[in-house]
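Take the sequence shown: its position 70, counting from 1, is numbered 72 in the working numbering, and each next residue is one higher.
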Amino acid sequence: QVQLVESGGGLVQAGGSLRLSCAASGGISSIVAMGWYRQGPGKQRELVAIISSGGRINYADPVKGRFTISGDNAKNTVNLQMSSLKPEDTAVYYCNADVKELRRYWGQGTQVTVSS
3 QVQLVESGGG
13 LVQAGGSLRL
23 SCAASGGISS
33 IVAMGWYRQG
43 PGKQRELVAI
53 ISSGGRINYA
63 DPVKGRFTIS
73 GDNAKNTVNL
83 QMSSLKPEDT
93 AVYYCNADVK
103 ELRRYWGQGT
113 QVTVSS
């Protein structure tokens, strides 16, 4: 069982920056990838960025060049540095972890609001 706790959301003006962090605990050794998803108002949850345990990274097209995902294995955390934020980035951001047993775990979500 993996527990995920996000932090760092908030309100920011367009063009600003925010940093999200996700701390993992529990079945750490079974994690094969961690990432960030988001769900905007009236929208489906979508991938933002993902990093594998081997360091492979993928970004969704809308955030490429603006967001950076990073992992700290020593602290069991994954971070999402968001820059040049746009109002359309407004969403609840969820941390997730995929494990070897083909299960997916989710954090509780953190709200990011970008004002125009």
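Every residue gets a Cβ at the ideal spot worked out from N, C-alpha and C, and that includes glycine.
Could you please give me the residues that DSSP links to L104 through a beta bridge? None; L104 has no bridge partner.
Those residues which DSSP pairs with Q41 across a bridge: V94
Any 3 or more C-beta pairs closer than 8 Å across the segment 86 to 93 and the segment 11 to 27: yes
What separation, rounded to the nearest whole angstrom, lies between the Cα atoms of I33 and P43? 30 Å
How many Å lie between V65 and N81 at the Cα? 15 Å
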